[in-house]
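Structure, as structure tokens:
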Amino acid sequence: MLTKRQKIADSQKSVALWFDDSKIKAVELRFAELRQLDPNKSMSEAEIAAMIRAVPSVRKEVMTRATEIIKDTLGENQQGAARRLSSRLASDAALKKLLR
Numbered sequence: 011m012l013t014k015r016q017k018i019a020d021s022q023k024s025v026a027l028w029f030d031d032s033k034i035k036a037v038e039l040r041f042a043e044l045r046q047l048d049p050n051k052s053m054s055e056a057e058i059a060a061m062i063r064a065v066p067s068v069r070k071e072v073m074t075r076a077t078e079i080i081k082d083t084l085g086e087n088q089q090g091a092a093r094r095l096s097s098r099l100a101s102d103a104a105l106k107k108l109l110r
């Protein structure tokens, strides 16, 4: 029979294979929040995986912020141009490579 510590270690191994390093801080903060609410709460692998998936990627966060800046800079009457610029940034291969 596995101990609680062994179960956690095994769970971390399976999750760590695909865990994006850029999400570590956000997931750690969420775990801390949950621990404050209920120190004895345990989470299944599925719950942990869902929490990790819910954290947006750095690329997505950068694109969201860039789109906001473009829209603010161009103004309300240039929303078509703002969409085209945002789309161009999102599809740029060099930018994608930098944001991996």
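To convert, note that position 39 of the sequence shown is 49 in this note's numbering; the numbers rise steadily by one, no gaps. Every residue, glycine too, gets a C-beta built ideally from N, C-alpha and C.
Through-space distance from residue j to residue i, alpha-carbon basis
i, j, result
"L27", "A59", "Note on L27: pLDDT 46, under 50, position unreliable in the model; the coordinate value appears next. C-alpha separation (whole angstroms): 11 Å."
"R45", "K70", "28 Å"
"Q16", "K35", "24 Å"
"M53", "K33", "18 Å"
"M61", "S101", "27 Å"
"R93", "T74", "12 Å"
"E38", "E78", "27 Å"
Range covered by the alpha helix (DSSP H) that runs through residue i
i, result
"S1", "Because the chain spans 11 through 110 in this model, residue 1 falls outside it and cannot be assessed."
"R116", "The chain is shown from 11 up to 110; residue 116 falls before or after that span and cannot be answered."
"K70", "V68 to L84"
Close Cβ partners of residue i (< 6 Å) along its chain, the five nearest in sequence each way excluded
i, result
"A76", "L99"
8 Å Cβ cutoff met for residue i and residue j
i, j, result
"L108", "V68", "no"
Contacting residues, own chain, Cβ-Cβ under 7 Å from residue i (five flanking each side not counted)
i, result
"V65", "K33, A36 and V37"
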